[in-house]
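A.B. asks: In the numbering used here, the protein residues as written are 252 to 605.
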């Protein structure tokens with residue numbers, strides 16, 4: 252057997268490995284009460300600056316870490332908020348998650364994030380897995396969760412839906428109506444002189460928000476006596492796919508045409524394909540997207556698009572949920588927050604003054 256002293260855990264000499272530093276020990280070292288340490292961990296601004304500094308020093312010296320499992324057992328839920336998004340690489344959702352994380356972390360909560368890949372069955376599996384960790388709240392993307400409704404209604408915790416507004420909300424919906432996005436784009440193209448319309452969307456059999464934008468696009472034009480061709484791509488953007496789309500557009504090239512894409516990535520790809528074919532944009536073909544990604548301002552011509560508000564969605568969801576989490580209440584009636592969107596008109600659809 253080694254004569255060396257027991258392993259020192261959490262930076263505290265003489266402490267055997269596996270024995271955690273307690274809140275009482277931090278309080279003793281900082282010369283404050285355990286309740287003051289607890290308050291500091293929940294809300295640092297609620298503690299005087301002098302006491303807060305002593306507590307920070309004590310935590311650094313002892314290597315104290317919060318035992319969130321113990322807290323979850325005492326409070327019947329953990330200090331985590333479960334969030335399910337359809338895509339981890341989509342810039343919209345990344346910004347929303349960052350905004351949510353900033354708000355929740357300031358109050359001592361952590362996000363438990365997972366990706367459903369637009370699959371409702373996977374979303375249900377992830378939901379069950381998250382609930383096993385007793386989260387303080389749940390955040391889902393969109394409003395189509397029929398398979399999970401009974402499970403969600405039985406959780407007893409706040410449930411928020413983001414990025415879409417629609418029927419049968421749970422406790423909170425924050426976002427906008429995607430049908431209105433499609434209608435706004437259709438109206439803009441129509442007023443720009445376009446009379447032949449095509450909407451191209453990728454994976455719309457899974458991404459029902461893109462499908463709703465297509466429906467809004469078609470419905471607005473039908474009221475004007477116009478017909479919109481809807482092209483539903485089964486895969487993400489590729490040169491082969493865009494070539495097929497432009498081959499189809501070429502069959503009706505006798506009038507000014509408008510191409511509305513379900514996202515900016517697809518629309519920017521269409522701009523490249525149009526340039527490759529020598530098609531004048533917007534003279535022969537007006538192109539619009541959705542998302543207002545950074546590259547949309549740098550494309551040639553610059554891309555007309557719709558700007559959602561991902562940061563505001565994240566902040567609003569987090570702020571409202573925190574109110575209910577910290578008071579231990581649920582709203583008497585579901586709340587809906589319509590943050591709207593902005594149509595950004597640039598040179599890909601019409602001449603824009605400098």
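Backbone N, C-alpha and C define an ideal beta-carbon position, used for all residues, glycine too.
Taking three-plus beta-carbon pairs below 8 Å as touching, is the region 586-602 in contact with the region 432-442?
C.D. replies: The region 586-602 vs the region 432-442: in contact.
A.B. asks: Can you list, in chain order, the stretches of the beta strand (DSSP E) that have 3 or more residues and sit fully within the region 433-459?
C.D. replies: 447-453
A.B. asks: Among 546, 526, 545 and 382, which has the Cα closest to the Cα of residue 537?
C.D. replies: 526
A.B. asks: Could I get the ranges of all uninterrupted beta strand (DSSP E) runs contained in the region 366-403, with 3 residues as the minimum, in chain order?
C.D. replies: 388-392
A.B. asks: What is the residue span of the beta strand (DSSP E) that residue 558 lies within?
C.D. replies: 556-558
A.B. asks: Let me check understanding here. Comparing Cα to Cα, which of 397, 273, 535 and 434 lies closest to residue 509?
C.D. replies: 535
A.B. asks: Expressed to the nearest angstrom, what Euclidean distance is found between the alpha-carbon atoms of residue 446 and residue 427?
C.D. replies: 27 Å
A.B. asks: Entirely within the region 505-592 and at least 3 residues each: give me those beta strand (DSSP E) ranges in chain order.
C.D. replies: 508-512, 536-539, 556-558 and 586-589
A.B. asks: Does chain D have any CB closer than 8 Å to the CB of residue 294?
C.D. replies: The structure shown contains no chain D, having only a single protein chain.
A.B. asks: Is the region 566-584 touching the region 398-413 in the sense that three or more CB pairs, one from each, lie closer than 8 Å?
C.D. replies: With a cut-off of 8 Å on Cβ pairs, the region 398-413 is in contact with the region 566-584, counting three or more such pairs.
A.B. asks: Using a Cβ-Cβ cutoff of less than 8 Å, which residues in the same chain neighbour residue 482 once the five nearest sequence positions on both sides are dropped?
C.D. replies: Excluding sequence neighbours, residue 482 sits near 449, 450, 451, 452, 496 and 499.
A.B. asks: When the Cα atoms are used, what is the spatial distance from residue 347 to residue 385?
C.D. replies: 23 Å
A.B. asks: Kindly give me the distance between the Cβ atoms of residue 594 and residue 550, rounded to whole angstroms, as I take these residues to be in contact under 8 Å.
C.D. replies: That pair is no contact at about 17 Å.
A.B. asks: Using C-beta distances below 6 Å, list every residue in its chain close to residue 389, excluding the 5 sequence neighbours before and after it, in chain order.
C.D. replies: 333 and 410
A.B. asks: Rounded to a whole number of angstroms, what is the C-alpha to C-alpha distance between residue 352 and residue 564?
C.D. replies: 12 Å
A.B. asks: What do you get for residue 325, buried or exposed, if any count of 16 or more other CB atoms within 10 angstroms of its CB means buried?
C.D. replies: Only weak support is given to the placement of residue 325: the predicted model assigns it a pLDDT of 48, under 50, and the value that follows is read from those uncertain coordinates. Residue 325 comes out exposed.
A.B. asks: Whole angstroms is fine: what's the gap from residue 431's alpha carbon to residue 309's?
C.D. replies: 54 Å
A.B. asks: Output the boundary residues of the alpha helix (DSSP H) element that contains residue 298.
C.D. replies: Element bounds for residue 298: n/a, residue is neither H nor E.
A.B. asks: Which word fits residue 391, buried or exposed, when buried means at least 16 other C-beta atoms lie within 10 angstroms of its C-beta?
C.D. replies: buried
A.B. asks: Got a sec, what are the start and stop residues for the beta strand (DSSP E) residue 423 sits in?
C.D. replies: 423-426
A.B. asks: Helix, strand or coil for residue 406, going by three-state DSSP, please let me know.
C.D. replies: coil
A.B. asks: Quick one: measure Cβ to Cβ for residue 413 and residue 557, integer angstroms, because I've assumed they're closer than 8 Å.
C.D. replies: Not a contact, Cβ separation roughly 17 Å.
A.B. asks: Taking 8 Å as the threshold (C-beta atoms), are residue 360 and residue 387 in contact?
C.D. replies: yes
A.B. asks: Residue 342 lies in the alpha helix (DSSP H); which residues open and close that run?
C.D. replies: DSSP places residue 342 in the uninterrupted alpha helix (DSSP H) bounded by 342-356.
A.B. asks: What three-state label does DSSP hand residue 313 in the structure shown?
C.D. replies: helix
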